[in-house]
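Enquirer:
Residue numbers (my numbering): 95 to 801.
1. Going by C-alpha distance, which of 289, 112, 423, 565 is nearest residue 442?
2. I need the boundaries of the beta strand (DSSP E) containing residue 311, first residue and last residue.
3. Whose C-alpha, out of 149, 705, 157, 139, is nearest the C-alpha of residue 113?
4. Less than 6 Å between C-beta atoms, sequence neighbours within five positions excluded: which residues of the same chain meet that for residue 660?
5. Can you find a CB in chain C that lies within less than 8 Å of the CB of residue 286?
6. Report the residue from 276, 500, 216, 181 whose alpha carbon sits nearest the alpha carbon of residue 296.
7. List the whole-angstrom C-beta distance separating residue 177 from residue 576, where the pair is believed to meet the contact cut-off of C-beta under 8 Å.
8. So the beta strand (DSSP E) residue 474 belongs to, where does it begin and stop?
9. Give the straight-line distance between the Cα atoms of residue 116 and residue 437, rounded to the nearest whole angstrom.
10. Would you call the segment 782-789 and the segment 753-761 touching, i.e. three or more CB-CB distances under 8 Å?
11. Can you tell me whether residue 96 is buried or exposed? The criterion is at least 16 other CB atoms within 10 Å of its CB, across all chains shown.
12. Decide if residue 555 is buried, meaning its Cβ has at least 16 other Cβ atoms within 10 Å, or exposed.
13. Counting along the chain, where does the alpha helix (DSSP H) carrying residue 808 start and finish?
14. Pairs of beta-carbons, one from the segment 254-263 and one from the segment 213-231, closer than 8 Å: are there three or more?
15. Under three-state DSSP, which class holds residue 282?
16. Give the straight-line distance between the Cα atoms of residue 164 and residue 200, rounded to the nearest whole angstrom.
17. When burial is assigned at 16 or more other CB atoms within 10 Å of the CB, is residue 761 buried or exposed?
18. Which residue comes first and which comes last in the beta strand (DSSP E) that contains residue 755?
19. Please report the distance separating the alpha-carbon of residue 172 from that of residue 185.
20. If residue 480 sits next to residue 593, beta carbons under 8 Å apart, how far is it from one beta carbon to the other, in whole angstroms?
21. Can you tell me where the beta strand (DSSP E) with residue 797 in it begins and where it stops?
22. Quick one: grab the DSSP three-state call for residue 202.
23. Name the residue from 143, 313, 211, 322 whose alpha carbon lies nearest to the alpha carbon of residue 251.
24. Between the beta-carbon of residue 816 and the beta-carbon of residue 498, is there less than 8 Å?
25. Could you have a look at residue 490 and say whether DSSP puts it in helix, strand or coil?
26. If we call anything under 8 Å between Cβ atoms a contact, is residue 230 one with residue 608?
27. For residue 579, collect the residues of the same chain with a Cβ closer than 7 Å to its Cβ; drop the 5 residues on either side in sequence, then sort them by chain order.
28. Rounded to the nearest angstrom, what separates residue 154 and residue 491 at their Cα positions?
29. Once you ignore the five residues that flank residue 744 on each side, which residues in its own chain have a CB closer than 6 Å to its CB?
30. According to DSSP, simplified to helix, strand and coil, what is residue 772?
31. Let me make sure I understand the geometry here. Which of 122, 710, 688 has the alpha-carbon closest to that of residue 439?
32. Could you name the residues of the same chain whose beta carbon sits closer than 7 Å to that of residue 706, not counting the 5 residues immediately before and after it, in chain order?
33. For residue 464, report the span of its alpha helix (DSSP H) as first-last.
34. Could you tell me which whole alpha helix (DSSP H) segments of length 4 or greater appear in the segment 371-450?
35. Excluding five sequence neighbours on each side, which residues of the same chain lie with their C-beta closer than 8 Å to the C-beta of residue 152?
36. Between residue 680 and residue 328, is the Cβ-Cβ spacing less than 8 Å?
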């Protein structure tokens with residue numbers, strides 16, 4: 095990295111504070127202002143709780159000089175929102191004010207500290223102008239209960255956690271709900287989490303919350319990706335940055351690692367990447383250590399041998415010989431995820447591969463090189479300005495507010511944040527060990543350095559609690575919290591929830607806890623104005639930058655023109671041909687919306703219409719999993735005039751009964767009856783006797799006519 099930076103005359107941004115410190119260290123303030131080219135008399139540092147020690151030391155000489163002249167300076171922050179320690183943010187700089195941190199040692203540091211103390215005035219802002227009454231009350235009670243089990247240092251940070259409502263504003267109302275999910279294993283909990291999040295979104299929509307009023311917060315990008323994929327599959331548009339990047343989806347990373355292994359079989363890093371992402375998609379395979387230990391020796395034989403051990407005996411290396419990058423990707427998709435896979439990330443990735451193949455070399459090596467260059471910009475495109483659910487990490491949400499928030503918080507398994515610590519052991523019995531990086535583990539107690547582990551564990555606890563605080567204080571009117579029920583494998587977050595519920599005298603068997611009432615959301619004046627008139631401006635730019643051609647699957651273009659596909663009847667028929675069971679409605683509609691054939695309003699209307707159809711009393715049984723279904727299967731009728739082809743819309747075999755469904759839009763016609771009767775005659779000739787004929791009219795309502 096150093097060689098690359100030197101050769102290309104680049105400096106990593108993390109180096110700037112260090113270089114500034116080296117430049118100004120020991121220099122008088124006039125020298126600093128001379129280098130800056132101008133002088134400042136007042137300083138305001140916002141988000142001070144996330145300032146690093148080095149940054150503070152760089153600013154101190156300037157602030158010290160300003161204070162010496164009696165000038166006003168301001169440090170603004172909240173120690174409870176310090177969540178950037180992984181970027182060297184040091185909350186104790188703020189928590190210890192006006193004293194210096196680390197502790198003042200030299201005469202110069204002590205003089206600076208005395209000056210800070212002489213000019214220091216603390217002002218606590220107690221009023222909450224964001225959240226409604228019940229959310230403020232919940233947070234006050236929650237963090238009061240949780241901090242009781244904390245160290246004195248953490249209690250000090252949460253000394254001023256109680257917030258008041260502004261006297262002149264009506265902040266009545268607010269709603270909080272905690273869902274405690276019971277699950278046998280990680281896979282089961284994942285499914286229940288996602289279903290609960292979807293239920294919460296729908297509950298908010300029932301109360302007139304728009305999709306854009308809903309934000310889902312999680313503490314790790316991989317869970318944001320998981321939620322995004324699930325909601326898209328259920329017909330929801332989403333807005334997110336990291337969670338829509340293709341490279342963040344474990345299914346995509348798994349395929350990429352597999353393709354790299356085909357090129358270089360002895361690449362242990364890619365084997366590890368493949369297994370890590372395989373386990374994210376299919377946790378049933380076991381632990382990473384066990385799977386990797388089994389797979390490594392098998393990889394020396396072949397990729398096929400390794401995959402066969404994992405249960406993918408259908409992957410054959412001889413079948414992949416001579417395949418292009420696109421064909422290999424499609425092959426991997428089918429073998430790993432099945433031919434009916436609806437994962438939107440995988441399908442967009444396949445489009446990405448195909449686009450690259452159309453634009454150049456279709457070889458695997460060329461594609462992987464292209465992916466390395468473009469993967470940071472390859473994402474699922476959602477139309478700008480669309481009414482969509484927002485999904486983001488808690489770190490990205492800091493400083494923002496949302497009408498409603500759903501918190502999906504899953505702490506990491508690690509007990510501490512920083513894994514290594516720089517220290518000088520200076521132990522007589524271990525003279526060979528001097529200053530260096532050492533692992534932060536409990537065993538440090540054995541060499542008299544237990545305080546390092548204890549201090550790091552305490553800071554990690556504060557990191558976690560602060561993350562929870564930031565998440566819980568984002569909503570205006572509604573807060574939903576999804577958590578695991580307390581059990582043998584309790585984590586810190588479930589422990590916090592448990593401590594709060596015990597303080598509220600909630601039964602240990604409770605599955606939910608609520609505070610307040612979820613009310614109908616009033617349409618805000620600024621929303622109405624925004625909807626009434628759009629701002630329009632004139633911009634000059636190339637038409638090539640303004641026009642996007644939506645990608646649509648080949649079958650759609652092959653079977654109908656764009657104009658024809660847009661007509662109601664043909665579009666409904668096309669979508670129904672892709673619906674096998676009731677659960678397919680949402681993902682099918684979503685795929686048409688993503689591909690550009692439907693806008694958001696059209697998609698919502700058609701989803702409701704199709705849901706009504708598959709749940710119709712006379713049709714529900716024929717869209718239930720377990721029945722045999724054939725959509726648009728061709729029948730050949732041969733007679734003296736030759737062969738003719740007929741295609742009934744849907745054929746269902748349930749027990750000894752064969753059911754014919756023919757979809758129609760518009761008014762009834764006698765021809766419709768003759769047509770379905772003709773289909774029945776063909777099946778009668780094939781030996782089917784118990785045949786039921788249903789004409790399904792899809793207009794404002796769904797009407798079923800038995801012929």
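Glycine included, C-beta positions come from ideal geometry on N, C-alpha and C.
Expert: On the basis of the supplied data:
1. As a first step, residue 442 must be located in the chain shown, where it is residue number 348. With distances taken between Cα atoms, residue 442 lies closest to 423.
2. Residue mapping note: residue 311 aligns to position 217 of the chain shown, counting from 1. Where residue 311 is concerned, the enclosing beta strand (DSSP E) stretches over 308-312.
3. Locating residue 113 in the chain shown gives position 19, where the first residue counts as 1. Checked all of 149, 705, 157, 139; the closest Cα to residue 113 is 149.
4. In the chain shown, the residue the question calls residue 660 occupies position 566. Only weak support exists for where residue 660 lies, its pLDDT of 42 falling under 50; the value from the coordinates is given anyway. Cβ neighbours of residue 660 beyond the five flanking positions: none.
5. The structure shown contains no chain C, having only a single protein chain.
6. Along the chain shown, read from residue 1 onward, the residue named residue 296 stands at position 202. Distance from the Cα of residue 296 is smallest, within the candidate group 276, 500, 216, 181, for 500.
7. On the chain shown, residue 177 is found 83 positions in, with the first residue counted as 1. On the chain shown, residue 576 is found 482 positions in, with the first residue counted as 1. Their Cβ separation, rounded to whole angstroms, is 20 Å, which puts residue 177 and residue 576 out of contact at 8 Å.
8. Translated into the one-based positions of the chain shown, residue 474 becomes position 380. Where residue 474 is concerned, there is no enclosing beta strand (DSSP E), given that its DSSP letter is neither H nor E.
9. As a working note, residue 116 is residue 22 in the chain shown. As a working note, residue 437 is residue 343 in the chain shown. Their Cα atoms are separated by approximately 51 Å.
10. Contact between the segment 782-789 and the segment 753-761 is present, because at least three Cβ pairs lie under 8 Å.
11. Taking the chain shown and counting its residues from 1, the one referred to as residue 96 is at position 2. Exposed, because fewer than 16 other Cβ atoms sit within 10 Å of the Cβ of residue 96.
12. Taking the chain shown and counting its residues from 1, the one referred to as residue 555 is at position 461. Its Cβ being crowded by 16 or more others within 10 Å, residue 555 is buried.
13. Because the chain here runs from 95 to 801, residue 808 falls outside it and cannot be looked at.
14. Touching, yes.
15. Translated into positions along the chain shown, residue 282 becomes position 188. Secondary structure of residue 282 (DSSP, three-state): helix.
16. Start at 1 with the first residue of the chain shown, and residue 164 comes out as number 70. Start at 1 with the first residue of the chain shown, and residue 200 comes out as number 106. Computed Cα separation, rounded: 24 Å.
17. As a position in the chain shown, residue 761 is number 667, starting the count at 1. Within a 10 Å sphere around the beta-carbon of residue 761 sit fewer than 16 other beta-carbons, which makes this residue exposed.
18. In the chain shown, residue 755 corresponds to position 661, counting from 1. Membership of residue 755 in the beta strand (DSSP E) is indicated by the continuous run 751-758.
19. Along the chain shown, one-based indexing puts residue 172 at 78. Along the chain shown, one-based indexing puts residue 185 at 91. Distance between the alpha carbons of residue 172 and residue 185: 9 Å.
20. Sequence index remark: in the chain shown, residue 480 carries index 386 (1-based). Sequence index remark: in the chain shown, residue 593 carries index 499 (1-based). At roughly 40 Å, the Cβ-Cβ gap does not stay under 8 Å, so residue 480 and residue 593 are not in contact.
21. On the chain shown, position 703 is the one that residue 797 refers to. Run containing residue 797: 796-800, per the beta strand (DSSP E) assignment.
22. If you number the chain shown from 1, residue 202 lands on position 108. Helix at residue 202.
23. Looking up residue 251 in the chain shown gives position 157. With distances taken between Cα atoms, residue 251 lies closest to 143.
24. Residue 816 is absent from the structure shown; the chain starts at 95 and stops at 801.
25. Counting from one through the chain shown, the residue named residue 490 turns up at place 396. Residue state, collapsed to three classes: helix.
26. Indexing the chain shown from 1 puts residue 230 at position 136. Indexing the chain shown from 1 puts residue 608 at position 514. Against a cut-off of 8 Å, the Cβ pair of residue 608 and residue 230 comes out as no contact.
27. As a working note, residue 579 is residue 485 in the chain shown. Cβ neighbours of residue 579 beyond the five flanking positions: 274, 275, 276.
28. As a first step, residue 154 must be located in the chain shown, where it is residue number 60. As a first step, residue 491 must be located in the chain shown, where it is residue number 397. Going by the C-alpha atoms only, they are around 30 Å apart.
29. Position 650 of the chain shown, counted from the first residue, corresponds to residue 744. 725, 755, listed in sequence order.
30. Along the chain shown, one-based indexing puts residue 772 at 678. In this structure, residue 772 counts as helix in the three-state DSSP scheme.
31. Numbered from its first residue, the chain shown carries residue 439 at position 345. Out of 122, 710, 688, the CA that lies nearest to the CA of residue 439 is found in 688.
32. Taking the first residue of the chain shown as position 1, residue 706 is located at position 612. Sequence-distant partners of residue 706 (beyond 5 residues in either direction) whose C-beta falls short of 7 Å from its own C-beta, in its chain, are 796.
33. For the purposes of this step, residue 464 is taken as the residue at position 370 of the chain shown. 458-468 is the span of the alpha helix (DSSP H), which, as asked, contains residue 464.
34. Counting only runs that start and end inside the segment 371-450, the alpha helix (DSSP H) elements of at least 4 residues fall at 382-393, 397-403, 411-414, 419-431.
35. Here residue 152 corresponds to residue number 58 of the chain shown, with the count starting at 1. For residue 152, where only same-chain residues beyond five positions count, the Cβ hits under 8 Å are 111, 114, 115, 118.
36. Numbered from 1 along the chain shown, position 586 holds the residue referred to as residue 680. Numbered from 1 along the chain shown, position 234 holds the residue referred to as residue 328. Contact: yes.
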